[in-house]
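Participant: Residue numbers (this note's numbering): 23 to 489.
I have a structure here, written as structure tokens, and I will follow up with some questions on it.
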């Protein structure tokens, strides 16, 4: 919050300064007391404790993170302030704000900085601090890192956390410099770098990226959003070894790229056909808007340059499907993740082959590796729980009076950390009109989706709490 406070001082925003000072005080006092009087544990962190700390830590950070919005009066309703903060920390990008540009710059910076903090997981970020309490971090890493694989970059967890955050920081700084050179102010460049590298989607403008009306900025953001949707461990390996063909040989990254390419081509051609197909300017604009929105949705960022609800229905349907897929495991994206989709498709293919060859022995292979049956079962279970959660949340929203299109797309937009949906939560709308109960349901969806469902659902299991 200190950086946000500095911006508030720079712009002389008195109410925001007071809000941050109060929040910092309210946060430091309980934090110091917990650190001072918590006894040093006699054992390493257990699985149960790791999951509880991750879930509770995220909820507490959301609570304290919402205080600047609430205390300053910028968001006078606590439910809305909590929703906005949860959306920031979970890198969802769903907003209740109707007049973004009317908010103080200190709060706008804090809003975007929440994305950056949540991008790789605020618990993962604190792994370098937890040793001060004498706590090991393996169970936190297992609970926090997105995706079905938990491969570490280095044998030591602390070193892994540092390396991933160094990559994260370097890309953020490089992007901010590029955006400023492209015409953004330093403030806007920094905020949008936070939002894109974390695949969050909060903007400082009411019209999102369309407000800048700059093809260069749109192409730059497209490239960085694409990078953010790729496994960060793969980024580190490729950059450290200078073996950039690793991206090509990674099946998940290839699948991710091919899906984006296919939907972009389909969308740009169908949009161009509505205009002057002989105009190169029209073709370029159609391609630019298409690739930006496709990458934005696939990476679950949610930035906008065009109202995709005005697109032909087929590209809209493809975007809706992409909302479920998301980016790669180990990235800052939400969704089911590409590697799970690939394993599901491979498993489905094997089941079909078994119908033809009942006595055949088939295994699921991913690259050169044979996938163990328990991993396939875990992927199937995750997919089932994801879909049940999606349908359940949608039905609750429908029961609250939302139309089915809005209810279903609002649910997936929050569960998969996307932000905008369709209907009354479309790219030119917001979530302000959602009933209070609906906002709490969607906040829970954001939390569950960001922590890969199990981290939250397991807390409701009686078996988990048995000694």
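Glycine is no exception: its CB is placed at the ideal position from the N, C-alpha and C atoms.
Rounded to a whole number of angstroms, what is the C-alpha to C-alpha distance between residue 156 and residue 448?
Facilitator: A caution first: residue 156 carries a pLDDT of 39, below 50, which makes its placement in the model unreliable, though a value can still be read off. Approximately 47 angstroms between the Cα atoms of the pair.
Participant: Across which residues does DSSP place residue 386 in a beta bridge pair?
Facilitator: Answer is 393.
Participant: Leaving out five residues before and five after residue 238 in sequence, what residues of the same chain have Cβ atoms less than 6 angstroms from its Cβ?
Facilitator: For residue 238, same chain residues with a beta-carbon under 6 angstroms away, outside a window of 5 residues either side, are 204 in chain order.
Participant: Which residue from 100, 389, 357 puts its Cα closest to that of residue 440?
Facilitator: 357
Participant: How about residue 197 and residue 219: are their beta carbons less than 8 angstroms apart?
Facilitator: yes
Participant: What residues in its chain sit with their C-beta under 8 angstroms from that of residue 283, if we drop five residues either side in the sequence?
Facilitator: Taking residue 283 as the centre and dropping the five residues before and after it, the same chain places no C-beta closer than 8 angstroms to its C-beta.
Participant: Within this structure, are the beta carbons of residue 329 and residue 244 separated by less than 8 angstroms?
Facilitator: Not a contact, by the Cβ cut-off of 8 angstroms.
Participant: Do residue 360 and residue 444 have their C-beta atoms closer together than 8 angstroms?
Facilitator: no
Participant: CB-CB under 7 angstroms to residue 392, same chain, minus the five flanking residues each way: which ones, in chain order?
Facilitator: 385
Participant: Mapping DSSP to helix, strand and coil, what is residue 353?
Facilitator: coil
Participant: For the putative contact between residue 326 and residue 231, defined by C-beta atoms under 8 angstroms, what is the C-beta separation to the nearest angstrom?
Facilitator: Yes, they are in contact, since the Cβ atoms of residue 326 and residue 231 sit about 6 angstroms apart, within 8 angstroms.
Participant: With H, G and I counted as helix, E and B as strand and the rest as coil, what does DSSP make of residue 68?
Facilitator: Coil, per DSSP.
Participant: Which of the three DSSP states is assigned to residue 266 in this structure?
Facilitator: Coil.
Participant: Straight-line CA distance for residue 23 to residue 404?
Facilitator: 35 angstroms
Participant: Where do the N-terminal and C-terminal ends of the alpha helix (DSSP H) with residue 233 fall, by residue?
Facilitator: Premise fails: residue 233 is in no alpha helix (DSSP H) and is neither H nor E.
Participant: Cβ of residue 241 within 8 angstroms of Cβ of residue 133?
Facilitator: no
Participant: Please list, in chain order, all residues of the same chain as residue 387 whose beta carbon is under 8 angstroms from its beta carbon, the five residues on each side excluded.
Facilitator: 368, 393
Participant: Touching or not, the stretch 452 to 466 and the stretch 101 to 119, by the rule of three or more beta carbon pairs under 8 angstroms?
Facilitator: yes
Participant: With H, G and I counted as helix, E and B as strand and the rest as coil, what does DSSP make of residue 418?
Facilitator: In the structure shown, residue 418 adopts helical secondary structure according to DSSP, grouped into three states.
Participant: Can the beta-carbon of residue 113 be found less than 8 angstroms from the beta-carbon of residue 226?
Facilitator: Going by C-beta atoms, residue 113 is not nearer than 8 angstroms to residue 226.
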